[in-house]
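To start, the structure itself, in structure tokens.
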Amino acid sequence: MPRKIVVTSALPYANAPIHIGHLVEYLQTDIWVRFQKMCGNKCLYFCADDTHGTPIMISARAARITPEELIRGVYKEHQQDFSAFLIEFDNYYTTHSPENKHFSELIFDSLNRAGSIVKRNVEQAYCENCKMSLPDRYIRGTCPRCGAEDQYGDSCEVCSGTYRTTELINPRCATCRHKPTLRTSEHYFFKLADYERQLRDLIAGGYTQKSVANKLDEWFKTGLKDWDISRDGPYFGFKIPGEENKFFYVWLDAPIGYMASAKNYCERNGLDFDKLWNSEEYELYHFIGKDITYFHALFWPAMLIGAGFKTPNKLFVHGFLTVNGEKMSKSRGTFIKASTYLKHLNPEYLRYYYASKLTGGIEDIELSTDDFLSKTNADLVGKFANLASRSGPMLTKNLDSLLGHPNQQGKELISKLAVAKKQIMENYENLNYAAAVRTINALADEANRYIEQNQPWATVKTDLEKTRTTLTAAINAVRILTIYLKPILPKFAEKVQKFLNTDDLTFADVERPLVNHKINKFERLFERIDEKQVNAMTEESKETKAVQPTTAPAEPIAPECTIDDLAKIDLRIAKVIKAESVEGADKLLRLELDAGRMRKSVLAAIAEAYKPDELVGKIVIYLANLKPRKMKFGLSEGMILAAGTGGKDIFILTADAGARPGQRVS
77 MPRKIVVTSA
87 LPYANAPIHI
97 GHLVEYLQTD
107 IWVRFQKMCG
117 NKCLYFCADD
127 THGTPIMISA
137 RAARITPEEL
147 IRGVYKEHQQ
157 DFSAFLIEFD
167 NYYTTHSPEN
177 KHFSELIFDS
187 LNRAGSIVKR
197 NVEQAYCENC
207 KMSLPDRYIR
217 GTCPRCGAED
227 QYGDSCEVCS
237 GTYRTTELIN
247 PRCATCRHKP
257 TLRTSEHYFF
267 KLADYERQLR
277 DLIAGGYTQK
287 SVANKLDEWF
297 KTGLKDWDIS
307 RDGPYFGFKI
317 PGEENKFFYV
327 WLDAPIGYMA
337 SAKNYCERNG
347 LDFDKLWNSE
357 EYELYHFIGK
367 DITYFHALFW
377 PAMLIGAGFK
387 TPNKLFVHGF
397 LTVNGEKMSK
407 SRGTFIKAST
417 YLKHLNPEYL
427 RYYYASKLTG
437 GIEDIELSTD
447 DFLSKTNADL
457 VGKFANLASR
467 SGPMLTKNLD
477 SLLGHPNQQG
487 KELISKLAVA
497 KKQIMENYEN
507 LNYAAAVRTI
517 NALADEANRY
527 IEQNQPWATV
537 KTDLEKTRTT
547 LTAAINAVRI
557 LTIYLKPILP
567 KFAEKVQKFL
577 NTDDLTFADV
587 ERPLVNHKIN
597 KFERLFERID
607 EKQVNAMTEE
617 SKETKAVQPT
627 TAPAEPIAPE
637 CTIDDLAKID
647 LRIAKVIKAE
657 SVEGADKLLR
667 LELDAGRMRK
677 SVLAAIAEAY
687 KPDELVGKIV
697 IYLANLKPRK
707 MKFGLSEGMI
717 LAAGTGGKDI
727 FILTADAGAR
737 PGQRVS
């Protein structure tokens with residue numbers, strides 16, 4: 077009897093574009109969902125944008141738009157990227173929805189009535205300048221452990237030490253750089269320890285991988301702490317019922333977004349949500365990254381238990397992505413956005429590469445650009461596409477596109493490929509895609525050896541029927557390999573189905589060979605990629621724009637200035653939030669800068685060196701106290717620093733340097 081399955085992936089935050097690190101999870105999930113559907117199971121895939129929290133509010137404020145406008149724009153971008161990578165959600169929704177508000181209030185009320193919610197006073201940082209409470213990530217200062225400067229309010233990226241915000245040396249608001257004060261506020265806490273027994277039983281029952289369960293055991297031993305689930309306003313999120321200026325913490329309503337997306341789907345498709353989400357009729361699986369294990373393995377199931385909802389059948393946790401042996405880096409061009417990748421390469425190349433690396437464990441996966449290039453050309457082009465291209469066109473051109481029957485050797489090849497079905501399906505089910513890919517590659521080698529041994533390019537000149545027999549076995553091998561690859565390469569499978577003139581292929585078709593069947597004209601399946609394409613992608617992904625050396629003679633040095641003259645200059649870090657051409661001025665761009673608490677408009681003669689869209693989001697150095705100058709094309713409030721011939725090469729800083737808008741440069 078077919079299974080009924082509900083699947084979710086972690087919700088991407090609506091504050092940034094999708095990058096290739098994100099895609100590890102969504103491709104892993106999509107492959108598993110497609111596999112289940114090919115097995116004849118009913119499998120529904122739900123996800124949504126995670127849209128609440130302080131970062132959303134601050135980003136919207138910086139862009140001079142409402143949070144609702146910001147998340148609408150990001151939602152559209154996320155959907156476009158996911159669609160382009162062939163990630164097929166049954167419903168992609170948003171946590172800023174009436175369904176999510178309903179379930180957040182319902183679960184909070186249920187936990188409150190169960191006695192699992194308590195109030196407690198907390199001391200928290202507050203920025204008088206920004207008029208808001210500051211989360212740990214919005215406070216920067218000197219690490220009290222190692223002395224590293226410009227570290228977060230709760231942890232140090234240099235020594236990995238953790239600490240309380242009150243321990244941070246010389247703390248500053250990350251937005252405006254003012255020193256925060258401490259305020260006392262009453263917050264709501266969820267008593268996680270109330271559910272320790274149920275959580276231990278859940279983990280012991282196989283809720284997640286063994287290595288994850290071992291880590292959870294460490295957290296159990298140190299004791300489960302109460303969880304602060306409220307935030308003071310201003311805050312973008314759902315207001316807590318009965319409160320005027322307190323909101324649900326984003327991590328309370330984010331996982332509830334899974335339920336909201338499912339509820340929205342059910343309402344639009346006439347399904348019973350309670351049966352789909354809360355009955356034993358449907359299995360429920362979550363796919364997440366290991367960085368959010370604590371929330372999904374402890375807080376989330378405890379909330380569900382306390383509110384009377386079913387817990388997921390299993391939590392699948394995966395590792396991070398490294399590129400060329402290191403963390404993704406904007407300066408090295410390995411922090412690659414999904415949209416940038418798509419400008420240069422076929423999305424199925426990345427789907428295949430990730431599948432060849434994923435094992436179902438929590439180990440990080442490595443993307444080596446050299447290995448990516450080699451594997452794409454050797455496997456996708458050299459094996460799978462080549463097998464089809466050396467058999468299909470010959471059959472069409474010389475044998476009226478008609479398959480016959482395989483001979484004994486051909487039957488043995490087809491049988492060998494079919495026998496591997498059980499193992500490949502088990503690998504897919506257990507998320508061990510790498511093992512499935514290895515098996516499929518070995519089978520492709522067998523099929524290509526069969527072609528080499530029977531040499532249809534030679535027999536076509538002397539024995540057409542023998543050639544038909546050989547090509548019939550080869551085409552059936554292509555068909556079986558395509559079925560095995562279809563969860564990973566859905567577009568490739570579509571092209572092969574069209575070429576083979578068959579219906580939608582499933583795993584049930586493996587044992588049904590094509591004989592006496594007419595195929596269609598062959599079309600190319602994959603193109604080789606070269607190093608230039610990969611290099612172009614990484615170059616475009618680099619955040620810095622290199623200043624080109626010049627051989628022009630040095631310009632005369634300006635008249636001397638004194639130290640007092642220099643002291644008058646106020647250089648600030650600024651972020652370009654808008655850039656546009658100036659009508660009637662080919663050399664000018666109008667830039668809108670975020671210089672901390674200031675918004676400034678600057679006219680810069682850099683249009684010959686930069687396109688407007690290249691500058692948006694860049695960090696520049698801004699001369700803040702230059703007297704505004706009225707020009708023919710408008711007012712210019714200050715200037716940005718530049719070098720090079722004609723001053724066209726502006727100084728662009730990397731975000732990795734820790735520069736923040738409004739920060740003074742000395």
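Residue 77 is where the sequence shown starts when you use my numbering, and the numbers rise one by one after that. For glycine and all other residues, C-beta sits at the position ideal for the given N, C-alpha and C.
One question on the structure: do L456 and Y417 come within less than 8 Å of each other, judged by their Cβ atoms? The residue given as residue 456 occupies position 380 in the sequence shown. The residue given as residue 417 occupies position 341 in the sequence shown. Taking 8 Å as the Cβ cut-off, L456 and Y417 do not qualify as a contacting pair.
Between the region 231-246 and the region 148-168, can you find at least three pairs of beta-carbon atoms closer than 8 Å? no
In chain order, each alpha helix (DSSP H) run of at least 4 residues that lies wholly inside the region 657-719: 688-691
Backbone secondary structure at P632 - three-state DSSP: Reading the sequence shown from its first residue, position 556 is the one you call residue 632. Only weak support is given to the placement of P632: the predicted model assigns it a pLDDT of 47, under 50, and the question is left unresolved by the model.
So what does DSSP say about S405, is it helix, strand or coil? Numbered from 1 along the sequence shown, position 329 holds the residue referred to as residue 405. Coil, per DSSP.
Would you identify the three-state DSSP class for E101, choosing helix, strand or coil? Your numbering for residue 101 matches position 25 in the sequence shown. Here E101 sits in helix by DSSP.
Three-state secondary structure assigned by DSSP to Y168: For this step, residue 168 is matched to residue 92 along the sequence shown. Strand at Y168.
Of the choices Y325, I564, M133, whose alpha-carbon is the least far from that of S180? What you label residue 180 is simply residue 104 of the sequence shown in a count that begins at 1. The residue with the shortest Cα to Cα distance from S180 is Y325.
According to DSSP, is Q285 helix, strand or coil? On the sequence shown, residue 285 is found 209 positions in, with the first residue counted as 1. Coil.
Give the secondary structure of L391 by DSSP, where H, G and I count as helix, E and B as strand, and everything else as coil. By one-based count along the sequence shown, residue 391 stands at place 315. Strand.
Output the boundary residues of the beta strand (DSSP E) element that contains E442. Against the sequence shown, residue 442 aligns to sequence position 366. 441-443 is the span of the beta strand (DSSP E), which, as asked, contains E442.
Is the beta carbon of K406 closer than 8 Å to that of E619? As a position in the sequence shown, residue 619 is number 543, starting the count at 1. As a position in the sequence shown, residue 406 is number 330, starting the count at 1. For E619 and K406, yes; Cβs fall inside 8 Å.
Excluding five sequence neighbours on each side, which residues of the same chain lie with their C-beta closer than 7 Å to the C-beta of M335? Stepping through the sequence shown from its first residue, residue 335 is reached at position 259. Excluding residues within five positions, the ones whose Cβ falls inside 7 Å are F179, W353.
Quick check on DSSP: helix, strand or coil for K297? Taking the first residue of the sequence shown as position 1, residue 297 is located at position 221. In this structure, K297 counts as helix in the three-state DSSP scheme.
If you run the structure through DSSP and keep just helix, strand and coil, what is D308? As a first step, residue 308 must be located in the sequence shown, where it is residue number 232. Strand at D308.
Helix, strand or coil: how does DSSP classify D226 here? Looking up residue 226 in the sequence shown gives position 150. D226 falls in the coil class under three-state DSSP.
Use the C-beta contact count for H98: other C-beta atoms within 10 angstroms, 16 or more gives buried, fewer gives exposed. Sequence index remark: in the sequence shown, residue 98 carries index 22 (1-based). It counts as buried.
Three-way DSSP call (helix, strand, coil) for T627 in this model: The sequence position of residue 627 within the sequence shown is 551, counting from 1. Its pLDDT being 34, under 50, T627 is placed unreliably by the model, and the measurement read from it follows with that caveat. T627 falls in the coil class under three-state DSSP.
Go to G382, then tell me how far its alpha helix (DSSP H) extends in each direction, as first and last residue. The count along the sequence shown starts at 1 and reaches residue 382 at position 306. Looking at the DSSP string, the run of the alpha helix (DSSP H) that includes G382 is 376-383.
Applying the 10 Å Cβ sphere with the 16-neighbour rule, what's the burial state of V591? Walking along the sequence shown from the start, residue 591 turns up at place 515. Its Cβ having fewer than 16 others within 10 Å, V591 is exposed.
Taking the continuous beta strand (DSSP E) assigned at N246, which residues delimit it? In the sequence shown, residue 246 corresponds to position 170, counting from 1. Segment 245-249, the beta strand (DSSP E) holding N246.
When you compare only the Cα positions, how much space is there between C222 and I245? In the sequence shown, residue 222 corresponds to position 146, counting from 1. In the sequence shown, residue 245 corresponds to position 169, counting from 1. Roughly 11 Å separates the two Cα atoms.
Report yes if the C-beta distance between H95 and K366 is below 8 Å; otherwise report no. Residue numbering aside, residue 95 sits at position 19 when the sequence shown is read from its first letter. Residue numbering aside, residue 366 sits at position 290 when the sequence shown is read from its first letter. Against a cut-off of 8 Å, the Cβ pair of K366 and H95 comes out as no contact.
Does the contact criterion of 3 or more C-beta pairs under 8 Å hold for the region 553-565 versus the region 456-468? yes
Using 8 Å as the threshold, is the C-beta distance between S444 and N400 below it? Indexing the sequence shown from 1 puts residue 444 at position 368. Indexing the sequence shown from 1 puts residue 400 at position 324. Cβ distance < 8 Å, so S444 and N400 count as in contact.
Measuring straight from C-alpha to C-alpha, what distance separates A719 and G318? Along the sequence shown, read from residue 1 onward, the residue named residue 719 stands at position 643. Along the sequence shown, read from residue 1 onward, the residue named residue 318 stands at position 242. Below a pLDDT of 50, predicted positions are generally treated as unreliable, and A719, at 43, falls in that range; no measurement from the model is reported.
On the three-pair Cβ rule with 8 Å, is the region 597-610 touching the region 483-490? no
Beta-carbon proximity list for K571, same chain, < 7 Å, skipping 5 on both sides: Numbered from 1 along the sequence shown, position 495 holds the residue referred to as residue 571. Here the set comprises E599, L601.
On a Cα-Cα basis, can you pick out the residue from L426, R196, N117, E684 that is closest to P566? Residue numbering aside, residue 566 sits at position 490 when the sequence shown is read from its first letter. Minimum Cα distance to P566 is reached at L426.
Quick check: is any heavy atom of the ligand HEM less than 7 Å from the C-beta of S173? Although the ligand HEM was asked about, the structure shown includes no ligands whatsoever.
Quick check for students: name the residue ranges of the beta strand (DSSP E) that lie wholly in the region 101-128, counting only runs of 3 or more. 118-125
Give the secondary structure of A496 by DSSP, where H, G and I count as helix, E and B as strand, and everything else as coil. Looking up residue 496 in the sequence shown gives position 420. In this structure, A496 counts as coil in the three-state DSSP scheme.
Count the other CB atoms within 10 Å of the CB of D350; is the residue buried (16 or more) or exposed (fewer)? By one-based count along the sequence shown, residue 350 stands at place 274. Exposed, by the Cβ-count rule.
Minimum C-alpha distance to E659 - residue among N577, A136, G710: What you label residue 659 is simply residue 583 of the sequence shown in a count that begins at 1. It is G710.
Inspect the beta-carbon positions of Y504 and F111 and report whether they are closer than 8 Å. Here the question's residue 504 lines up with position 428 in the sequence shown. Here the question's residue 111 lines up with position 35 in the sequence shown. Yes. Within cutoff.
Which of the three DSSP states is assigned to H362 in this structure? Mapped onto the sequence shown, residue 362 falls at position 286. Strand.
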